[in-house]
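Working notes for the structure below.
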Amino acid sequence: MVMKIYYYEAGAWSQALELAIAETGYDEDEVEWERVNLRSGANFDPKYLKLNPLGLIPICEVDGKIVRDSVNVAKEILQRAPGGAGELSAEHAKLIEQVHDASRDPKLFGLYPFDAADREEKASGEVFQFIKGRQTALEKYPAEAPELAEFYKGKLEDNTVLYDFYQGKLDAAGEDKVFAQGKAVWASAGELVHGPLTAALKTASPFLAGDKPGEADYHVIVWLARAISLSGTEQGQPADVGLPNLHKRIGGPEIDPAVAKYWETWRERESFTENEVW
Numbered sequence: 001m002v003m004k005i006y007y008y009e010a011g012a013w014s015q016a017l018e019l020a021i022a023e024t025g026y027d028e029d030e031v032e033w034e035r036v037n038l039r040s041g042a043n044f045d046p047k048y049l050k051l052n053p054l055g056l057i058p059i060c061e062v063d064g065k066i067v068r069d070s071v072n073v074a075k076e077i078l079q080r081a082p083g084g085a086g087e088l089s090a091e092h093a094k095l096i097e098q099v100h101d102a103s104r105d106p107k108l109f110g111l112y113p114f115d116a117a118d119r120e121e122k123a124s125g126e127v128f129q130f131i132k133g134r135q136t137a138l139e140k141y142p143a144e145a146p147e148l149a150e151f152y153k154g155k156l157e158d159n160t161v162l163y164d165f166y167q168g169k170l171d172a173a174g175e176d177k178v179f180a181q182g183k184a185v186w187a188s189a190g191e192l193v194h195g196p197l198t199a200a201l202k203t204a205s206p207f208l209a210g211d212k213p214g215e216a217d218y219h220v221i222v223w224l225a226r227a228i229s230l231s232g233t234e235q236g237q238p239a240d241v242g243l244p245n246l247h248k249r250i251g252g253p254e255i256d257p258a259v260a261k262y263w264e265t266w267r268e269r270e271s272f273t274e275n276e277v278w
């Protein structure tokens, strides 16, 4: 049975699935990829909302069922993998939960500004275009699906704040709130990096799962890669370049060498480079 995955290539959790598939022996004809263009707000299309009422990606269709939520999709992939899923410890299950905490969602690193310079860069680049695409979609689709009016209203209100912020249309109080949200996202990231993530990585094994990657690894490395990239580091740079940039965002003590070791283990791995994880 072919597994159909709805994804967006720039989505962090879509990349986690790509890694899992690359590492576990799937043949190309066992997986069908259906692109959902988040940049144009295609995840808010009423047709897609019939598949996932939350408008989130990735999801997958297999055996006549739809699996929603990226954690569950990853589990489905691993359970069906030729090499099997492997065991997931309670500690690593908790770490996956912490990585997926809404307060440190990797997309927020990109959407919210860290400081005034970051705001200027985002306003003139891809981030604003992404927000603009969502705005257009959220203004368009309610007329096509009036039964989803409340859903669209909430999403539009949230997106409009950022849309107006990057155009300089908010008052001082509104701007301060957005900046505070940006700081809070990185503070939450710091709590994870300096706490549970470092503790879990202090092991003799190259990966959380041991000698080869396991379920927790796919979530953790993609989250870490996105945090490093969106703190101002070009894709695939070594730890001595990326981690100082990350530290500037998260603050606190120096990032533990265990994190650098883990990053270097993944950075040159074939699955990581071929899928252009960032």
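Mapping to full-length UniProt numbering: the sequence shown position 230 is 230, numbers consecutive.
Glycine included, C-beta positions come from ideal geometry on N, C-alpha and C.
- Where Y262 is concerned, the enclosing alpha helix (DSSP H) starts and stops at P257 to R267.
- Collapsing the DSSP output to three states places K4 in a strand.
- Sorting E91, G86, E32 and F44 by C-alpha distance to the C-alpha of Y6 places E32 at the top.
- Segment contact: the region 69-77 against the region 3-17, three or more CB-CB distances shorter than 8 Å; contact assigned.
- Take the alpha-carbon of H247 and the one of I255: they are about 7 Å apart.
- In this structure the region 18-26 lies against the region 77-85, because at least three pairs of beta carbons, one per stretch, are closer than 8 Å.
- With fewer than 16 other Cβ atoms inside 10 Å of its own Cβ, A116 counts as exposed.
- Boundaries cannot be given for R104, as no beta strand (DSSP E) includes it and DSSP labels it neither H nor E.
- For R226, the enclosing alpha helix (DSSP H) has its first and last residue at E215 to S229.
- If the five residues before and after F207 are omitted, its C-beta is found closer than 6 Å to the C-beta atoms of P213 and D217, all from its own chain and listed in chain order.
- Sequence-distant Cβ neighbours of R39 in its own chain, meaning closer than 6 Å and more than five residues away, are F130 and G133.
- Cβ contact annotation for E175 (same chain, cutoff 8 Å, sequence separation greater than five): F165, in chain order.
- Taking the Cα positions, P257 is about 19 Å away from A209.
- By the neighbour-count definition (other C-beta atoms within 10 Å, threshold 16), R267 is a buried residue.
- Taking the C-beta atoms as reference points, Q135 is found no nearer than 7 Å to Y112.
- Boundaries of the alpha helix (DSSP H) around V127: E126 to K140.
- In this model, E215 and P238 are separated by some 24 Å (Cα to Cα).
- Bridge partners of V62 according to DSSP: K65.
- Here L95 is actually not in contact with V185; their C-beta atoms are around 19 Å apart, not less than 8 Å.
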